[in-house]
Amino acid sequence: MRHNVTNILIVSKPYISDFVLYSFQGRDSSLVLADLGDIIKRYNRWEQNLPRVKPYYAVKCNTEYLVMKVLADLGVNFDCASQAEIMGILNLGVHPSRIVFANTIKPISSIRYAAKNGVELMTFDNEEELHKIQTVYPSAK
Numbered sequence: 001m002r003h004n005v006t007n008i009l010i011v012s013k014p015y016i017s018d019f020v021l022y023s024f025q026g027r028d029s030s031l032v033l034a035d036l037g038d039i040i041k042r043y044n045r046w047e048q049n050l051p052r053v054k055p056y057y058a059v060k061c062n063t064e065y066l067v068m069k070v071l072a073d074l075g076v077n078f079d080c081a082s083q084a085e086i087m088g089i090l091n092l093g094v095h096p097s098r099i100v101f102a103n104t105i106k107p108i109s110s111i112r113y114a115a116k117n118g119v120e121l122m123t124f125d126n127e128e129e130l131h132k133i134q135t136v137y138p139s140a141k
C-alpha cells in the first residue's frame, strides 16, 4: 500500500488534537500523522546502542517522500522489493551500495535494472532464484 501525501501541513504538537478534531470532522477522508523528529530520535538511539548494526528500512512499509528523505539523509540503508522502489530511493540520491534488492522472485528486467544502476546486494530464497541472479547479474552479491 502506498502512502502518498497530496497536502502537507506542519502542526505543532500542542495543536494536533484540535487540528484533527476540527479539520476532519464529518469528512470521509484519511489522515496520516508523522513526527519526523521522532524518526530522527529513534535512529540516533539505534546508532548509540547498536553502532555496528546498520538497519535496512523496508520501503514497502511507507513510501512517503518526507519519511524516505529523512531516512536517506540519516544514512539509513534501504530494502527494496521492486524496480520502482529502487528507482525512488536512487532518486533521493542514495548510493546503490545502501540498497538491498530483496524480493523472493525478481523479474529479469528488474535484475537488469539493478545491475545497470549498481545495486549489487540481493537476496534469494531458493536455488533457482540464485541461478537466475547469477546468470543475469554475475557480479551481484
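Numbering (full-length UniProt numbering), first residue to last: 1 to 141.
A virtual CB, placed ideally from N, CA and C, is assigned to each residue, including glycine.
Every value quoted in this text rests on a predicted model; they were computed, and no experiment measured them.
Query: Counted within 10 angstroms of its Cβ, other Cβ atoms place MET68 as buried (16 or more) or exposed; Result: buried
Query: Given 8 Å, three or more beta-carbon pairs between the stretch 94-101 and the stretch 113-122; Result: yes
Query: Length of the line joining the Cα atoms of ALA58 and ASP79; Result: 5 Å
Query: Length of the line joining the Cα atoms of LYS54 and ASN77; Result: 7 Å
Query: VAL70 vs LEU36 beta-carbon contact at 8 Å; Result: yes
Query: Nearest candidate by alpha-carbon position, reference TYR56, set HIS131, ILE89 and GLU127; Result: ILE89
Query: Inter-residue spacing [alpha-carbon to alpha-carbon] between ARG27 and ASP18; Result: 15 Å
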